[in-house]
Amino acid sequence: MHGAQFDAPRTTNDDRGAPRAGVVESDWRRAMKFIVQWTGLPTAENAVIERFMKTGGQTPEGVKLLGRWHAIGGLHGVAIVETDDTDSIAAMALQWGDLLTVSIFPAMTDEQLGAALGKHQASRQ
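The sequence shown begins at 1 in the UniProt record's numbering and counts up one residue at a time.
Okay, structure coming up:
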């Protein structure tokens, strides 16, 4: 793969097409993306529903919600968010930490991963 160019799939911020419905455009070159996964505590279902209906699940200031999906039939879900401020992502976890178990992982786009893999392979040759 030495010298090969990695072709990333079209993304929502691609000038060649319109953004997909329900997905916020990303300023991915400056901010970092995170995968946020959650599972509701068994006794918290009513409280989770009430809080979500009241707040709309808004993210804290400084955290841009790129997309969020909920499991059918359970208190499980995943969101992709973007921020350049780790304090804001911590605030997001703390907002729901009394009702949900929240896991947060740094994430990369296909383009970023392809570039990293290319550098890794080149360094091994």
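Heads up, the beta-carbon is just placed ideally off N, CA and C, and yes, glycines get one too.
Taking a C-beta distance under 7 Å as the contact criterion, ALA44 and LEU94 do not qualify as a contact pair.
With respect to TRP69, GLY62 sits apart: the two C-beta atoms are not nearer than 7 Å. Counting only residues of its own chain and dropping the five nearest sequence neighbours on each side, TRP38 has a CB closer than 6 Å to the CB of GLY77, LEU100, VAL102. Taking a 10 Å sphere around the C-beta of ALA122, we find fewer than 16 other C-beta atoms and assign the residue as exposed. Along the stretch 35-116, the alpha helix (DSSP H) occurs as fully enclosed runs of 4 or more residues at 45-55, 86-96, listed in sequence order.
Non-local beta-carbon contacts of HIS120 in its own chain, meaning distances under 6 Å to residues more than five positions away in sequence, are absent. In this structure, the straight-line span from the alpha carbon of LEU41 to that of PHE52 is close to 15 Å. Taking all protein chains shown into account, GLU50 has fewer than 16 neighbouring C-beta atoms within 10 Å of its C-beta and is therefore exposed.
Around the Cβ of ILE89, a 10 Å sphere holds 16 or more other Cβ atoms; the residue is buried. Using a Cβ distance threshold of 7 Å, THR59 and MET32 do not count as a contacting pair.
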